[in-house]
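Participant: A single structure is presented below for examination.
There are 2 protein chains.
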Amino acid sequence: MRIGQLARSVGVDTQTIRFYEREGLLPPPDRQDNGYRIYTERHVERLAFIRRCRILELSLAEIHELQRYQGAPHQPCRAINTLLDDHLAHVRSRITDLQVLEKQLTSLRASCNDDRDIGACGVLEGLSEESMQQ
Amino acid sequence: MRIGQLARSVGVDTQTIRFYEREGLLPPPDRQDNGYRIYTERHVERLAFIRRCRILELSLAEIHELQRYQGAPHQPCRAINTLLDDHLAHVRSRITDLQVLEKQLTSLRASCNDDRDIGACGVLEGLSEESMQQ
DNA sequence: ATTGACCTTATAGTTACTATATAGTTTTAA
DNA sequence: TTAAAACTATATAGTAACTATAAGGTCAAT
Ligand SMILES: [Zn+2]
Ligand SMILES: [Zn+2]
Ligand SMILES: [Zn+2]
Ligand SMILES: [Zn+2]
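Chains as they are written, first to last, in this note's numbering: chain A, 10 to 143; chain B, 10 to 143.
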């Protein structure tokens with residue numbers, strides 16, 4: 010199959026497929042005489058795997074690492090689980106950070122209603138206060 | 010004061026200060042005969058404002074918009090509050106997304122212990138399942 | 001013969017910095 | 001006094017994961 014069909018069947022852009030190839034996440038496929046890329050079912054699987062990883066917001070570097078593990082099926086899998094634990098830790102820490110942010114923003118927003126002049130806007134005043142530092 | 014002192018007093022890098030100047034967030038300061046930038050207290054205030062906004066993860070574009078509002082103190086402040094509401098909405102939506110992600114990752118992680126071969130790793134199997142799509 | 005859909009490569013833009021290279025200036029210390 | 005350390009300047013490239021644009025080649029159908 011050609012790149013357009015692969016793209017449609019997995020739900021990514023053709024540009025992204027070429028980008029993954031350049032980045033070493035997708036093996037370079039054979040070419041037709043005219044230079045067009047020809048993909049196989051194995052490419053579909055591989056690209057779908059990448060997409061599932063990306064949905065979980067694994068980085069391309071992490072996906073690359075997972076792919077290296079896949080090539081050595083008789084090693085212990087601890088490294089994979091560790092990779093996932095690390096990623097999960099990042100996600101959780103980001104959630105915590107954003108929750109702090111959300112509280113600060115909510116409180117800042119509560120310091121103004123919509124009916125003031127900019128010169129008296131509670132939001133702008135809050136952002137200008139030294140106390141808000143850090 | 011010179012750029013290094015401004016940087017230390019607000020807690021940003023000198024490069025960042027020059028970057029903000031190029032981006033139009035900090036007004037270009039006067040220069041000494043040797044070309045060194047000279048900053049005033051107003052620059053300290055302005056940079057501190059930017060930093061407070063950045064701590065709340067407002068984008069440079071949003072900060073720019075806030076600065077434009079600051080220049081017109083007799084307009085109604087609704088636009089400012091709207092800007093903050095939009096930003097808050099993004100933060101909240103990101104939290105929700107990450108919470109979904111966290112559940113998926115936790116469940117995926119639970120599908121493996123550390124004592125398998127990679128060929129039997131529950132995490133890798135989960136990532137390879139079509140059912141995981143979207 | 002030409003339109004349209006598809007494919008190719010190369011290059012630039014996105015965000016908010018951060019790092020590097022190269023060079024000129026000021027301050028401190030030997 | 002001179003040499004090193006610390007500071008400043010500009011310009012350019014790198015980061016992450018695409019996305020957009022340009023300029024052009026290929027193929028099927030009208
Ligand atoms: Zn990760
Ligand atoms: Zn207001
Ligand atoms: Zn925002
Ligand atoms: Zn495992």
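Even for Gly, the Cβ is constructed at its ideal location relative to N, Cα and C.
In this text the structure is predicted, and so the values were computed from the model without any measurement.
Can residue 100 of chain A and residue 56 of chain A be called in contact, C-beta distance under 9 Å?
Facilitator: Translated into the one-based positions of the first sequence, residue 100 of chain A becomes position 91. Translated into the one-based positions of the first sequence, residue 56 of chain A becomes position 47. It is not a contact, given that the beta carbons lie outside the stated cut-off.
Participant: Restricting to Cα atoms, I'd like to know which of A/107, A/105, A/137, A/108 is closest to residue 120 of chain A.
Facilitator: As a first step, residue 120 of chain A must be located in the first sequence, where it is residue number 111. Comparing Cα-Cα distances from residue 120 of chain A to each of A/107, A/105, A/137, A/108, the minimum goes to A/137.
Participant: Any heavy atom of ligand 2 within a distance shorter than 8 Å of the CB on residue 33 of chain A?
Facilitator: For the purposes of this step, residue 33 of chain A is taken as the residue at position 24 of the first sequence. Outside the cutoff, so no.
Participant: Just grab the DSSP bridge partners of residue 126 of chain B for me.
Facilitator: As a working mapping, residue 126 of chain B is identified with position 117 in the second sequence. For residue 126 of chain B, which the question treats as bridged, DSSP gives the partners A/85.
Participant: Exposed or buried, what is residue 83 of chain B when buried is set at 16 or more other beta-carbons lying within 10 Å of its beta-carbon?
Facilitator: Translated into the one-based positions of the second sequence, residue 83 of chain B becomes position 74. With fewer than 16 other Cβ atoms within 10 Å, it is exposed.
Participant: Cβ of residue 123 of chain A versus every heavy atom of ligand 2: is any distance shorter than 8 Å?
Facilitator: Within the first sequence, numbered from 1, the residue matching residue 123 of chain A stands at position 114. Because some heavy atom of ligand 2 lies under 8 Å away, the Cβ of residue 123 of chain A counts as near it: yes.
Participant: Can you tell me the Cα-Cα spacing of residue 72 of chain B and residue 80 of chain B, whole angstroms?
Facilitator: Counted from its first residue, the second sequence places residue 72 of chain B at position 63. Counted from its first residue, the second sequence places residue 80 of chain B at position 71. For residue 72 of chain B and residue 80 of chain B, the distance between alpha carbons rounds to 13 Å.
Participant: Given a threshold of 16 other Cβ atoms within 10 Å of its Cβ, counted over all protein chains shown, does residue 61 of chain A qualify as buried or as exposed?
Facilitator: Within the first sequence, residue 61 of chain A is the residue found at index 52, counting from 1. Buried is the call here.
Participant: For a test of your reading of the model: does the CB of residue 66 of chain A fall under 8 Å from any non-hydrogen atom of ligand 1? Yes or no.
Facilitator: The residue labelled residue 66 of chain A in the question sits at position 57 within the first sequence. Flag set: Cβ of residue 66 of chain A near ligand 1.
Participant: Could you give the residue range of the alpha helix (DSSP H) that holds residue 23 of chain A?
Facilitator: The residue you call residue 23 of chain A lines up with position 14 of the first sequence. It spans 23-31 - the alpha helix (DSSP H) in which residue 23 of chain A sits, taken as one unbroken run.
Participant: Which residues mark the beginning and the end of the alpha helix (DSSP H) in which residue 62 of chain A is found?
Facilitator: The residue you call residue 62 of chain A lines up with position 53 of the first sequence. Taken as a continuous stretch (DSSP letters only), the alpha helix (DSSP H) holding residue 62 of chain A covers 50-64.
Participant: Thinking just about the alpha-carbon of each residue, which of B/86, B/94, B/133, B/39 is nearest to the one in residue 134 of chain A?
Facilitator: Locating residue 134 of chain A in the first sequence gives position 125, where the first residue counts as 1. It is B/86.
Participant: Across the stretch 101-116 of chain B and the stretch 19-29 of chain B, are there enough close Cβ pairs to call them in contact, namely three or more that are closer than 8 Å?
Facilitator: Contact fails: fewer than three Cβ-Cβ distances are below 8 Å.
Participant: Heavy atom of ligand 3 less than 8 Å from the Cβ of residue 95 of chain B, yes or no?
Facilitator: For the purposes of this step, residue 95 of chain B is taken as residue 86 along the second sequence, with counting starting at 1. True, at least one ligand heavy atom lies under 8 Å from that Cβ.
Participant: Check each residue of the stretch 79-106 of chain B: if its Cβ is closer than 8 Å to any Cβ of chain A, include it; give the result in chain order.
Facilitator: Answer in chain order: 79, 81, 82, 83, 84, 85, 86, 87, 89, 90, 93, 94, 96, 97, 100, 101, 103, 104.
Participant: Of the residues that make up the stretch 34-49 of chain A, which ones have a beta carbon closer than 7 Å to any beta carbon in chain B?
Facilitator: If the cut-off is 7 Å between Cβ atoms, the stretch 34-49 of chain A has nothing near chain B.
Participant: Of the residues B/30, B/41, B/35, which one's Cα is nearest the Cα of residue 10 of chain B?
Facilitator: Stepping through the second sequence from its first residue, residue 10 of chain B is reached at position 1. Among B/30, B/41, B/35, the Cα nearest to that of residue 10 of chain B is on B/41.
Participant: Return the bridge partner residues of residue 40 of chain B from the DSSP annotation.
Facilitator: Here the question's residue 40 of chain B lines up with position 31 in the second sequence. Per DSSP, B/46.
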